[in-house]
Amino acid sequence: TSVLTIGGSIYDPGFQGLLDEVRVSSVVRTPDWIVTEYRNQDAPGTFSTVGLEEGGSQGVQVAAPVFTPAGGAYQGPQSVSITTATGGASIRYTTDGTTPTPAIGTIYSGPVSVAASMTLKAIGYKAGLTDSAVTAAAYTITPVVQITVASQPSGLSVLADGVACTTPCLLQWASGTAHTISAPAAVAGGAGTQYAWTSWSDGGAAAHSVTAPAVAAVYTAVYKTQFTLTTQASPAAGGAITPASGWYDSGAVVQVNAAANQGYTFAGFSGALSGTVTPQNVTMGGPLTVTASFTAVGGGGGGVPWYASGGTWSNRKLITVDRTKVSGSVNLTNFPLLFSVTDQNLRHTSSGGSTGKADGSDILFTGSDGVTKLDHELESYDGATGTVVAWVRVPVLSVSADTLLYVYYGNAAAANQQYANGVWDSNFKGVWHLGGAGSVAADSTANGNNGAKPSPASPAPVAGKIGVGHQFNGTTDVIRVPDANSLDLTTAMTISAWIKAVGWPTAFGDAIVNKEGNYALRTGNQTTQFDVLWWNGSWIRNVRTASPTTGVWHHVVGQASGNDAYRIYVDGVAVSGASGNWYPLGRDLTSVLTIGGSIYDPGFQGLLDEGPRC
Numbered sequence: 203t204s205v206l207t208i209g210g211s212i213y214d215p216g217f218q219g220l221l222d223e224v225r226v227s228s229v230v231r232t233p234d235w236i237v238t239e240y241r242n243q244d245a246p247g248t249f250s251t252v253g254l255e256e257g258g259s260q261g262v263q264v265a266a267p268v269f270t271p272a273g274g275a276y277q278g279p280q281s282v283s284i285t286t287a288t289g290g291a292s293i294r295y296t297t298d299g300t301t302p303t304p305a306i307g308t309i310y311s312g313p314v315s316v317a318a319s320m321t322l323k324a325i326g327y328k329a330g331l332t333d334s335a336v337t338a339a340a341y342t343i344t345p346v347v348q349i350t351v352a353s354q355p356s357g358l359s360v361l362a363d364g365v366a367c368t369t370p371c372l373l374q375w376a377s378g379t380a381h382t383i384s385a386p387a388a389v390a391g392g393a394g395t396q397y398a399w400t401s402w403s404d405g406g407a408a409a410h411s412v413t414a415p416a417v418a419a420v421y422t423a424v425y426k427t428q429f430t431l432t433t434q435a436s437p438a439a440g441g442a443i444t445p446a447s448g449w450y451d452s453g454a455v456v457q458v459n460a461a462a463n464q465g466y467t468f469a470g471f472s473g474a475l476s477g478t479v480t481p482q483n484v485t486m487g488g489p490l491t492v493t494a495s496f497t498a499v500g501g502g503g504g505g506v507p508w509y510a511s512g513g514t515w516s517n518r519k520l521i522t523v524d525r526t527k528v529s530g531s532v533n534l535t536n537f538p539l540l541f542s543v544t545d546q547n548l549r550h551t552s553s554g555g556s557t558g559k560a561d562g563s564d565i566l567f568t569g570s571d572g573v574t575k576l577d578h579e580l581e582s583y584d585g586a587t588g589t590v591v592a593w594v595r596v597p598v599l600s601v602s603a604d605t606l607l608y609v610y611y612g613n614a615a616a617a618n619q620q621y622a623n624g625v626w627d628s629n630f631k632g633v634w635h636l637g638g639a640g641s642v643a644a645d646s647t648a649n650g651n652n653g654a655k656p657s658p659a660s661p662a663p664v665a666g667k668i669g670v671g672h673q674f675n676g677t678t679d680v681i682r683v684p685d686a687n688s689l690d691l692t693t694a695m696t697i698s699a700w701i702k703a704v705g706w707p708t709a710f711g712d713a714i715v716n717k718e719g720n721y722a723l724r725t726g727n728q729t730t731q732f733d734v735l736w737w738n739g740s741w742i743r744n745v746r747t748a749s750p751t752t753g754v755w756h757h758v759v760g761q762a763s764g765n766d767a768y769r770i771y772v773d774g775v776a777v778s779g780a781s782g783n784w785y786p787l788g789r790d791l792t793s794v795l796t797i798g799g800s801i802y803d804p805g806f807q808g809l810l811d812e813g814p815r816c
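Heads up: the sequence shown at position 124 corresponds to 326 in our numbering, and the numbers run straight through without jumps.
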């Protein structure tokens with residue numbers, strides 16, 4: 203009959219604290235019931251979940267699919283995930299631009315590989331719910347290619363997009379994008395070594411733009427190895443060593459020359475070269491040093507390297523004949539070298555130069571030893587400007603090594619140093635420079651075959667190809683050289699001259715040189731014919747080419763040998779055709795030699811210089 207009390211009893215003190223969810227059952231609950239009841243009441247939020255509301259109109263829509271990463275421009279392929287916030291919903295997608303539906307498209311089961319530009323479209327759907335809106339994401343994929351910037355040799359520093367890197371440089375570039383690669387002109391190596399840029403493998407300049415291709419590519423900067431050649435004179439006042447110190451390609455052959463100053467003698471090379479022979483060649487196989495040693499001698503400059511016969515010359519200069527300009531494979535002997543320069547040091551002392559005599563007659567030339575005097579002819583000298591035109595007989599003009607000479611000057615007390623006849627050996631029968639004034643066209647050979655001009659002004663002296671030449675009018679301007687045995691040629695001949703024709707006739711004439719009955723260099727009977735004539739005793743034989751162009755200087759050469767006229771050269775090139783019989787006529791060795799005309803035909807119209815030479 204007692205009451206049920208909660209939180210206390212009829213007789214005893216009550217419960218102190220909080221009470222909730224008090225239950226009394228008429229059965230004994232199982233342990234599982236009790237545990238489950240505890241879990242349910244302790245955390246009801248995790249014990250069960252609540253689904254979407256369902257009703258007759260099905261008004262709930264599946265959440266729109268989301269693409270990760272979002273659409274946009276990317277370099278390289280992308281792995282795209284497609285998700286929806288609606289639990290249990292399925293997704294279909296398309297990659298070809300078509301619109302997906304719950305029945306159309308690929309069922310999404312994992313990330314989609316996007317390796318090329320495309321647009322993804324997706325729809326979410328679930329039974330009992332409204333389909334999601336169709337969402338889309340456009341992807342622009344630019345392929346990334348591996349670019350290698352290399353060098354030969356490897357391990358050099360180059361620039362890619364302005365950033366230095368040591369080759370080989372491995373780069374990732376988006377296809378079609380513009381970039382810049384740059385190779386320094388020179389890259390330092392070890393001591394005395396550098397690498398000089400020569401080219402890029404794609405043919406571009408040292409610094410140039412490239413467009414990344416669609417496939418992997420290699421750009422190689424090609425370098426050549428160079429070494430330093432250090433040249434020095436000891437003591438510095440003792441002389442000169444050439445060339446100056448500098449960089450040279452690996453394997454290059456460099457000619458080194460030593461020249462003593464006045465008062466010193468060359469004692470020899472040391473370092474990469476040895477001995478007293480100069481010049482010598484050194485091959486650049488690494489960094490090299492060459493020292494030219496000089497020894498002072500007594501007598502104020504009377505040493506062997508310095509020419510001192512007949513007085514003291516205060517100055518000299520080294521002349522180097524470029525071996526690459528010497529034609530053929532055989533050295534030329536007794537070659538008359540033209541020395542034509544304008545040099546302020548060669549002015550007369552009154553004009554601020556160092557030449558001792560006003561007429562330049564103290565000028566002389568020696569061989570490479572500095573003391574062996576060479577025959578020379580001073581054609582002209584201008585002490586105010588330092589212009590020298592001289593002919594020097596070079597005993598041997600080498601085809602394999604540069605020929606070295608010295609020009610000396612600066613001796614006001616010297617006798618005339620020329621020996622003109624010695625320049626022209628016995629094979630020369632007449633050499634007319636046509637450079638002098640007056641009525642005589644002087645022959646520079648020992649034969650003395652001087653020519654007579656009609657007057658000092660006929661033909662007129664004018665500026666020529668080499669110094670002064672003569673202007674011929676085609677009629678009266680003819681130089682006549684008396685017949686001489688030395689000019690009667692029966693076995694061979696070579697005629698040469700510099701010509702600058704005003705025009706060519708349409709009939710016989712315009713003789714450069716003519717020894718009627720023996721030989722001639724002249725035009726034929728029309729403007730397209732330029733002949734060498736050779737009387738062989740029975741016939742006049744000729745060989746022919748086109749007449750040289752007018753208005754410009756040409757070097758013309760005609761040759762004959764034995765019974766035949768056989769060759770014409772124009773500006774160093776053999777241009778003639780085959781020889782043939784021209785006219786049946788015997789040889790006459792009594793005629794005068796004419797320059798700029800002939801006995802019977804019109805003369806040459808234009809300028810002649812340095813010729814003819816026979």
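Even glycine gets a Cβ: it sits at the ideal position worked out from N, Cα and C.
Span of the alpha helix (DSSP H) around residue i
| i | result |
| --- | --- |
| F249 | 246-249 |
| N623 | 622-625 |
The beta strand (DSSP E) enclosing residue i, as first and last residue numbers
| i | result |
| --- | --- |
| A418 | Neither: A418 is in no beta strand (DSSP E) and is coded neither H nor E. |
| Y608 | 605-611 |
| P786 | 782-786 |
| V523 | 517-523 |
| S447 | Unbroken run through S447: none, as it is neither H nor E. |
| N483 | 482-485 |
| F537 | 534-544 |
| P271 | Note, P271: premise wrong, no beta strand (DSSP E); not H, not E. |
| Q731 | No beta strand (DSSP E) contains Q731, which DSSP labels as neither H nor E. |
| V456 | 455-462 |
| W593 | 589-599 |
| Y157 | It is not possible to answer for residue 157, since the shown part of the chain is limited to 203 through 816. |
Own chain residues within Cβ distance below 7 Å of residue i, not counting five before or after
| i | result |
| --- | --- |
| A474 | V484, L490, T491, V492 |
Contact set for residue i: own chain, Cβ-Cβ below 6 Å, skip 5 residues either direction
| i | result |
| --- | --- |
| S747 | One detail in the question is off: residue 747 reads as Thr in this sequence, not Ser. Counting only Cβ-Cβ distances below 6 Å, and skipping sequence neighbours, we find F732, I770, V777, S778. |
| Y802 | none |
| P267 | I284, T286, I293, A324, G326, T337 |
| G760 | I697, L723, V734, I770 |
| G558 | D564, G612, N613, A614 |
| G273 | A339, A340, Y341 |
Secondary structure of residue i, DSSP reduced to three states
| i | result |
| --- | --- |
| L221 | coil |
| I697 | strand |
| T344 | strand |
| E812 | strand |
| N242 | helix |
| N629 | coil |
| D860 | The question about residue 860 has no answer here: the residues shown for the chain are numbered 203 through 816. |
| W634 | strand |
| Q260 | Low confidence applies to Q260: its pLDDT is 49, below 50, so where it sits in the model is not reliable, and the reading given next is rough at best. Coil. |
| D234 | helix |
| G500 | Any reading at G500 needs caution, since the residue's pLDDT is 43, under 50, leaving its predicted position unreliable; the model's value is listed next. It is coil, neither helix nor strand. |
| Q619 | coil |
| G440 | helix |
| T647 | coil |
| K717 | strand |
| S281 | strand |
| V506 | Confidence at V506 is low in this model, with a pLDDT of 42, below 50, so the placement of that residue is unreliable and no value is reported for it. |
| T395 | strand |
| A474 | coil |
| K527 | helix |
| L576 | strand |
| S688 | helix |
| G798 | coil |
Close Cβ partners of residue i (< 8 Å) along its chain, the five nearest in sequence each way excluded
| i | result |
| --- | --- |
| G753 | K702, A703, V704 |
| V532 | V601 |
What residue ranges within the region 299-352 form continuous alpha helix (DSSP H) runs of no fewer than 4 residues, ordered along the chain?
Taken in chain order, the whole alpha helix (DSSP H) runs of length 4 or more contained in the region 299-352 number zero.
Count Cβ pairs between the region 324-339 and the region 391-409 that sit closer than 8 Å; are there 3 or more?
In short, these stretches do not touch, since the Cβ pair count stays below three.
Should the region 562-579 be called in touch with the region 609-627, which here means at least 3 C-beta pairs below 8 Å?
Yes, since at least three Cβ pairs between the region 562-579 and the region 609-627 fall closer than 8 Å, the two stretches touch.
Do three or more CB pairs link the region 676-696 to the region 647-661 at distances below 8 Å?
Output reads yes: the region 647-661 touches the region 676-696.
Examine the Cβ distances between the region 353-362 and the region 290-298 and report whether three or more of them are shorter than 8 Å.
No, the region 353-362 is not in contact with the region 290-298.
With a floor of 3 residues, list each beta strand (DSSP E) that falls wholly inside the region 348-385, ordered by position along the chain.
Correct list: 359-362, 365-368, 371-376, 380-384.
Quick check: the region 672-681 against the region 791-807, are at least 3 beta-carbon pairs closer than 8 Å?
Counting Cβ pairs under 8 Å, three or more are found: they touch.
Segment contact flag, the region 384-400 with the region 368-375, C-beta cutoff 8 Å, min 3 pairs:
No: the two stretches stay apart, fewer than three of their Cβ pairs being nearer than 8 Å.
Tell me whether the region 240-253 and the region 224-232 touch, counting them as touching only if at least three CB pairs, one residue from each stretch, are closer than 8 Å.
Segments in contact, no.
Is it the case that the region 534-552 contacts the region 590-597, given that we only count it when at least three CB pairs across the two stretches are under 8 Å?
Judged by Cβ distances under 8 Å, the region 590-597 makes contact with the region 534-552, as three or more pairs qualify.
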